[in-house]
Every structure is written in C-alpha cells, then in structure tokens.
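Data block below; observations after.
There are 2 protein chains.
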Amino acid sequence: MAKLEDIARQAGVSTSTVSRVVNGKKYINSEKRAEILKLVEENGYIPNKAARNMAMQRSFTVGIVIPDAFNIFQRQLFSIIERYLNSFGYHTTFFFVKFDSSSEKECLNRLKAEQIDGVIMLHELKYPAFYDYAAKMSLPVVSTLCNSDNLPTIKINDRLAAAEAVNHLLSLGHKKINLICGSGFSFGDERIKGYYDALAAAGIDRDENRVVCVRQYSSEFGTYGMKELLLRSRDFTALFAASDEIALGAIRVLKDEGLRVPEDVSVIGFDNIESSNYYIPRLTTIHQPIEEIGEQAARSLHRRITGGINLDSEIIIPHKLIIRESTRSIVH
Amino acid sequence: MAKLEDIARQAGVSTSTVSRVVNGKKYINSEKRAEILKLVEENGYIPNKAARNMAMQRSFTVGIVIPDAFNIFQRQLFSIIERYLNSFGYHTTFFFVKFDSSSEKECLNRLKAEQIDGVIMLHELKYPAFYDYAAKMSLPVVSTLCNSDNLPTIKINDRLAAAEAVNHLLSLGHKKINLICGSGFSFGDERIKGYYDALAAAGIDRDENRVVCVRQYSSEFGTYGMKELLLRSRDFTALFAASDEIALGAIRVLKDEGLRVPEDVSVIGFDNIESSNYYIPRLTTIHQPIEEIGEQAARSLHRRITGGINLDSEIIIPHKLIIRESTRSIVH
DNA sequence: ATGAAAGCGCTAACAT
DNA sequence: ATGTTAGCGCTTTCAT
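Chains B and Y, in that order, are what the protein sequence lines are.
In terms of the working numbering, the first sequence opens at residue 197 and continues consecutively.
In terms of the working numbering, the second sequence opens at residue 197 and continues consecutively.
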C-alpha cells in the first residue's frame with residue numbers, strides 16, 4: 197500500500213506537507229495542494245489508521261456496548277446509532293457483552309487497548325472498574341434506553357410510559373391486568389413501577405400474583421411468562437407485556453390455550469418494533485422513537501467528545517401510545 | 197495508561213522481555229515471567245492495539261460487510277459470526293454498506309485504512325476495485341448467505357431449498373402458486389429458479405404473472421408484493437415468500453382482504469426466523485441452519501488467514517423444511 | 001509556507 | 001534467556 201512517504205517523494209515535498217494536505221490544514225500553497233491531491237487520488241492512498249491513532253493518541257472511533265443477547269429493538273437501535281455516529285465522522289466498534297463479569301472485564305480491556313473517543317451504552321454493566329477507568333481517562337460515556345452508574349442518558353420515561361399503557365387498559369374497563377416484565381435492565385423496574393402507579397391511581401390493590409419477571413425480553417421468554425401466569429390463575433382480562441416480543445410470545449400461548457386476543461384478553465406491548473404492525477392481531481403498544489433516541493445519543497456523545505459545554509445529564513424523548521387491534525373494551 | 201516500558205522498568209528488565217511474556221513466547225525464565233505477570237496484573241496493563249497493529253502489520257480483526265438495510269435474519273447471523281470469530285481470537289469490525297457506489301467505495305477505503313486480516317461478506321458488492329484490492333493484498337475473503345465475484349462461500353443451496361418449498365405446496369395439491377421474491381442478492385435469483393424448477397417438474401406452465409419481485413426482504417415490502425399480486429389476480433391458492441418477513445407482511449394483507457391462511461391460501465416462508473414460530477398462524481418455512489452457517493464462515497476464514505491448505509471453495513449447509521400451520525391441503 | 005526530526009507503543013531481528 | 005536497536009506510518013513541534 198502507498199504511504200505518505202511515497203506521495204511525498206512523488207510530489208517532491210516532505211511528508212509533513214502531504215500530511216497537512218490530507219488533513220485539510222491551512223497555509224498550503226494551492227498549486228502544491230492540487231498536485232498532492234492528484235497524487236493521492238492516483239495512488240488510491242488512504243492513511244493508515246493504526247499509525248494515525250498512534251500519533252494522535254486517539255482513534256476517532258466510538259464503542260457501543262450492547263448485551264450479547266439483544267432483542268430486535270436493540271438491534272434496530274444500534275444500527276441507527278452507527279449511522280449517526282458515522283455522519284459525525286466516527287467509526288464504530290461494538291462491544292458485545294454477556295451477563296457475566298469475565299465478559300465485562302473483557303469489555304474494559306478492549307476499552308484500554310483501543311484508544312476509543314467515547315462510548316455509548318445500550319447495556320448496564322455491573323463492573324465498577326469500567327466506570328472508574330472511564331472517569332480516570334475522562335472518557336465520555338452516554339447511556340441510552342437503559343442507564344447505569346448515573347451516566348448521562350437519552351431515553352423515554354419508562355415509568356410514565358408504562359403507566360400510560362396500563363391507563364389505556366384501565367380506560368377500556370379492564371381491572372384484572374397482568375404484567376410480564378423482563379429483568380436485567382433498570383427500565384424493567386421502571387416499567388413495573390409505572391404499572392403499579394397506574395393501578396394505584398385507579399384504586400386497584402397491588403397484587404403480585406399478576407406480575408411475572410422473565411430473564412429476557414424475547415418472544416421465547418414471553419411464552420414462559422404467560423404460561424406461568426396461566427398456571428397461577430385464569431382470572432384476568434388484560435396483559436401488559438414489557439416488550440413487543442414478549443407480547444407476541446404471550447399471545448401465542450393465549451391462543452394455544454383457547455383464549456382470543458382481544459376478545460378474551462387485551463394485550464399491550466412496548467417498543468413498537470416493526471413487526472408489531474404486521475402481527476395478527478396488530479399490536480397495541482408504546483412507541484419508542486428509536487430514530488430520535490439514536491440521533492440524540494450520537495449527538496450528545498459527539499458534543500461531549502468535542503468538549504461541549506452545558507450538557508444535559510438526561511434527555512427524555514417523548515413516547516407515544518399506539519392503539520391498534522390487540523386491545524379492546526371489556527365485555528360485561 | 198501503563199505501557200510496556202513502565203512494566204519493564206518496574207521489573208528491571210527490557211521491554212522485549214515483557215513483550216515476550218505478554219505474548220506467551222517461550223524461553224523465559226519462569227521466575228521472571230511470574231514477576232512480570234504480577235506487575236502486568238497490578239498495573240492493569242493492556243497492550244495498545246494501534247501500536248501492536250503497526251509493529252505487526254496486521255490487526256487481528258476481521259471485517260464483516262453487511263447491507264445497511266439488513267433484515268432480522270441477517271442481523272441474527274452477524275452476531276453469531278461475531279461470536280465465533282471472537283472464539284478464534286479475532287476482533288470484529290462492521291462495514292455497513294448501502295446500495296450505492298459511494299458507500300461501496302467508503303467500504304474499500306476502510307479496508308485500506310485498517311489492516312484487516314480478512315473479511316466476511318453478507319453482502320454482494322458491485323465495486324470491482326474492492327475485489328481487486330483484496331486480491332492484490334491476498335486478503336482472505338469469504339462470502340456467506342450470498343455470493344459475489346466467485347468468492348469462497350458458505351450457504352445453503354437456495355435453488356434446491358426453494359424447489360423443496362414449492363414441492364411441499366405441490367404435494368398438498370396446490371397448483372396456483374404465487375411467489376414474492378426480494379432483489380439485490382443472488383440468492384433471490386436462485387430461489388426464483390428453484391420455484392420454476394419445481395413447477396416445471398410438476399408439469400405446470402411458467403407464468404410470470406404469479407411472480408413479483410420487491411426491493412427488500414422485509415415485512416413492509418412483503419405487503420407491497422402481496423398487494424401487487426392481488427391486483428393482478430385472486431386466482432391462486434398458495435404463496436411462496438422468499439423470506440419469513442415477506443411472508444408475514446403478505447399474510448397481513450391477505451387477512452385484511454378477507455383471505456384466511458391457511459384455509460384459503462397456504463403460505464410458506466424462508467429462513468425460519470425466531471418469530472415465525474410465534475406468529476399466528478405459525479409459519480411453515482425453510483430452515484437455514486444459521487448457527488452452523490456462522491460457525492463455518494468464521495472457521496473457513498480463520499483457516500484462510502492462517503494459511504490453511506485444501507480449502508473448499510464452496511460449503512453447502514443442509515437446509516430443512518419445517519412444516520407448521522400456514523400450509524395445508526387444498527380443499528377441492 | 002515548508003522541512004527536519006522526534007515520538008506515539010509495540011515487535012522482532014540480531015547480538016550476546 | 002535476555003537486551004539492543006531499528007522500524008511500523010503517521011502527526012506535530014520547532015525551525016526557517
């Protein structure tokens with residue numbers, strides 16, 4: 197591969213001059229600049245990233261930390277973030293991390309090895325050393341969807357959104373409302389709180405038998421949750437699922453048990469993944485404005501990296517209730 | 197951050213010795229080794245990746261090229277590949293590429309900038325310079341799911357699989373079988389061929405009015421395809437969708453038009469994505485053994501990078517017909 | 001406006 | 001078994 201020196205030799209100038217031209221610095225004779233640019237083009241010259249990283253002590257790349265077992269919604273978000281980061285001039289590197297400490301440690305090691313400019317968390321790491329290191333290096337970190345360690349965060353208000361989902365069910369006349377939630381992320385706890393908030397406001401007693409927590413936010417775990425709930429009691433008319441995928445799994449089980457949605461039980465999901473609009477029945481859900489969340493996350497990190505001032509420590513993106521076919525008025 | 201030199205100074209040895217220890221080289225005094233390892237641990241020392249890349253002229257990372265607008269199935273595959281590459285000791289970097297030449301060029305530039313060890317293609321680039329460069333640099337490249345430029349490839353036999361899907365429909369008594377296919381990838385063409393193969397073998401005339409091609413393999417585009425087909429004629433009893441996501445979109449439209457699946461029309465998909473088993477009705481489909489495809493792709497690339505000999509230029513992974521609820525015998 | 005030279009952190013050939 | 005030394009390809013201060 198052609199390198200800076202090759203171009204310099206061909207142009208009869210020093211490597212510094214070529215470097216300046218390539219990096220768009222000022223104070224360059226414009227004829228020389230044109231000549232060098234031409235040579236760069238002809239040779240298909242692209243600067244070596246490792247060398248540049250080394251010299252500049254930074255990498256122009258940001259890390260995205262995501263759970264190894266991520267669901268459709270998270271997958272969608274991370275490619276959106278990637279796109280925006282790119283538009284701000286960053287490369288992206290992904291840190292897939294499992295729910296165990298050796299995996300989290302591995303993640304920290306990569307942070308040390310690569311001289312990353314900043315990181316976006318779609319995952320809540322437990323490993324304190326990670327945050328310590330980031331703090332020590334004053335490495336900008338923002339959190340999105342979830343939040344850990346009081347990082348600056350870009351997300352919807354999960355608690356309010358969950359309450360709104362339950363209020364929708366309540367407004368339809370439902371009183372016996374089950375909840376299947378996922379675990380492992382703080383937004384799960386928030387959604388549970390929102391569920392209880394709405395019920396309390398409606399004067400309905402807290403009943404923990406109506407709540408089940410599953411390990412993942414996937415359809416598979418949705419089926420487990422629903423089966424468990426069915427085992428406990430058949431006396432319910434509505435279900436709030438903490439993700440659309442959980443909802444789809446749950447509806448599947450309901451159907452297999454001879455219960456119709458929405459005739460016998462109303463189901464509301466959360467996220468508004470693409471397929472919820474193609475499901476039968478179309479899923480009523482809470483829309484998370486994923487495009488905007490991704491954009492704000494990338495933008496916020498960019499501001500921090502470039503030393504922006506007056507930064508919000510929390511950006512709340514407005515969610516929205518999407519009423520479709522899986523919920524309806526209770527029949528008395 | 198601690199660097200090699202710091203450790204060397206503390207241990208009272210040269211940097212080469214520390215380097216040897218860190219890289220697990222032989223011929224080291226075992227006491228010194230222990231001492232150095234202890235220091236490495238205490239200092240939380242992790243080698244700088246850029247420096248190592250530079251010195252070794254390689255990066256221990258492999259690039260994965262994927263379409264910017266990738267569907268659920270491709271997303272699932274790429275995280276599987278990432279996992280296997282990791283187990284072989286590679287880092288992974290993703291090249292999201294759009295269907296335009298500037299994006300493909302950008303992809304080539306990154307290939308030049310980073311000293312990538314090899315690449316796995318989940319996408320078919322048109323840009324010849326990409327392949328030229330890879331050839332010139334003798335950069336190992338393998339293709340999976342799709343195939344371009346006669347790269348070594350790991351995939352199912354799409355043509356046979358499609359024929360098998362159609363044969364399943366045929367065996368159920370269907371004769372008027374529509375096809376919604378996607379475009380942009382060679383496997384789409386293969387599946388169309390397989391569709392015609394099966395029909396021809398059954399003595400059914402080729403009828404291009406039964407075939408529609410959409411731009412993406414998503415549910416959204418599935419709805420477009422189905423609407424178009426419905427516009428042309430209602431005289432059909434079965435549909436072969438070239439992806440599960442297309443199938444879901446199509447079934448949605450069918451249902452909206454008052455056509456029941458499978459009572460009025462049988463639908464078979466392709467891929468066997470997770471949600472096809474939770475859909476209502478559960479989707480009959482062709483299973484692509486995604487885990488195995490990912491593993492073989494990573495393994496094959498690894499062998500090429502490490503200079504393996506006698507490498508297959510094509511690995512065909514066996515697919516499987518999964519019969520569920522969306523297809524049934526025709527009612528006469 | 002341009003060049004010379006030092007240095008980023010590591011590896012590896014060579015010497016001992 | 002270990003140290004010395006010369007790069008890897010780039011950026012950047014310091015001169016001029």
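Using N, Cα and C, we set each Cβ at its ideal position, and we do this for glycine too.
Assigned exposure category for residue i - 16 Cβ within 10 Å defines buried
i                 : result
Asp296 of chain Y : exposed
Ile505 of chain B : exposed
Glu404 of chain Y : exposed
Ile252 of chain B : A quick correction: the sequence has Met, not Ile, at residue 252 of chain B. Its Cβ having fewer than 16 others within 10 Å, Met252 of chain B is exposed.
Val527 of chain B : exposed
Asn249 of chain Y : buried
Tyr241 of chain Y : buried
Asn267 of chain B : buried
Thr523 of chain Y : buried
Met317 of chain B : buried
Leu427 of chain B : exposed
Tyr223 of chain B : exposed
Glu320 of chain B : buried
Leu235 of chain Y : buried
Ile512 of chain B : exposed
Glu237 of chain B : exposed
Leu341 of chain B : buried
Asn244 of chain B : buried
Leu395 of chain Y : buried
Opening and closing residue of the alpha helix (DSSP H) in which residue i lies
i                 : result
Val527 of chain Y : Taken as a continuous stretch (DSSP letters only), Val527 of chain Y belongs to no alpha helix (DSSP H), as it is neither H nor E.
Glu488 of chain Y : Ile486 to Ile501
Glu529 of chain B : This structure gives no information on residue 529 of chain B, because the portion of chain B shown stretches from 197 to 528.
Ile513 of chain B : Careful: Ile513 of chain B lies outside any alpha helix (DSSP H) and carries neither H nor E.
Met252 of chain B : Lys245 to Met252
Leu507 of chain B : It is not in any alpha helix (DSSP H) - Leu507 of chain B carries neither H nor E in the DSSP assignment.
Leu281 of chain Y : Ile268 to Ser283
Ala207 of chain B : Leu200 to Ala207
Lys221 of chain B : Taken as a continuous stretch (DSSP letters only), Lys221 of chain B belongs to no alpha helix (DSSP H), as it is neither H nor E.
Asn239 of chain B : Ser226 to Asn239
Contact list for residue i against chain Y, beta-carbon separation under 8 Å
i                 : result
Phe290 of chain B : Glu278, Thr288 and Phe290
Extent of the continuous beta strand (DSSP E) run through residue i
i                 : result
Thr257 of chain Y : Thr257 to Pro263
Leu375 of chain Y : Ile373 to Gly378
Ile482 of chain B : Thr481 to His483
Chain-ordered chain Y contacts of residue i [CB-CB under 9 Å]
i                 : result
Arg271 of chain B : Ile268, Arg271, Gln272 and Ser275
Lys451 of chain B : Ile476
Partner residues on chain B for residue i, Cβ-Cβ distance less than 9 Å
i                 : result
Met250 of chain Y : Asn244, Ala246, Ala247, Asn249 and Met250
Met422 of chain Y : Residues of chain B passing the Cβ test: none, with the nearest at roughly 11 Å.
Contact set between residue i and chain B, taken where Cβ atoms lie within less than 7 Å
i                 : result
Arg402 of chain Y : Under the 7 Å cutoff, chain B gives no residues; its nearest Cβ is about 30 Å from Arg402 of chain Y.
Tyr474 of chain Y : Ser415, Leu444, Gly445 and Arg448
Ser297 of chain Y : Ordered by position in chain B, no residue passes the 7 Å Cβ test against Ser297 of chain Y, which lies about 15 Å from the chain.
Ala309 of chain Y : Ile242, Pro243, Asn244 and Lys245
Ser471 of chain Y : Ser415, Leu444 and Ser471
Within chain Y, the residues that residue i reaches when beta carbons sit closer than 7 Å
i                 : result
Met317 of chain B : Here the premise fails: no neighbours, minimum Cβ distance about 18 Å.
Asn305 of chain B : Ile242
Problem set entry | Entirely enclosed beta strand (DSSP E) segments - the segment 294-360 of chain B, minimum 3 residues | 314-317, 337-340 and 349-351
Exercise. How about the segment 253-263 of chain Y and the segment 300-315 of chain Y: do they share at least three Cβ pairs that are nearer than 8 Å?
Worked result: yes
For this session: Report the residue ranges of all alpha helix (DSSP H) runs contained in full by the segment 383-470 of chain B; include only those spanning at least 4 residues, in chain order.
Result: 415-428 and 440-452
For this session: Spell out a yes or no on whether the segment 418-425 of chain Y and the segment 376-387 of chain Y are touching, meaning 3 or more CB-CB pairs, one atom from each, closer than 8 Å.
Result: yes
Exercise. Does the segment 279-291 of chain B come close enough to the segment 493-513 of chain B to have 3 or more Cβ pairs within less than 8 Å?
Worked result: yes
Exercise. Can we say the segment 463-480 of chain Y touches the segment 512-520 of chain Y, given the rule of at least three CB pairs closer than 8 Å?
Worked result: yes
Exercise. Between the segment 439-448 of chain B and the segment 325-333 of chain B, do at least 3 Cβ pairs fall closer than 8 Å?
Worked result: no
For this session: Would you be able to state if there are at least three C-beta pairs under 8 Å between the segment 385-392 of chain Y and the segment 347-358 of chain Y?
Result: yes
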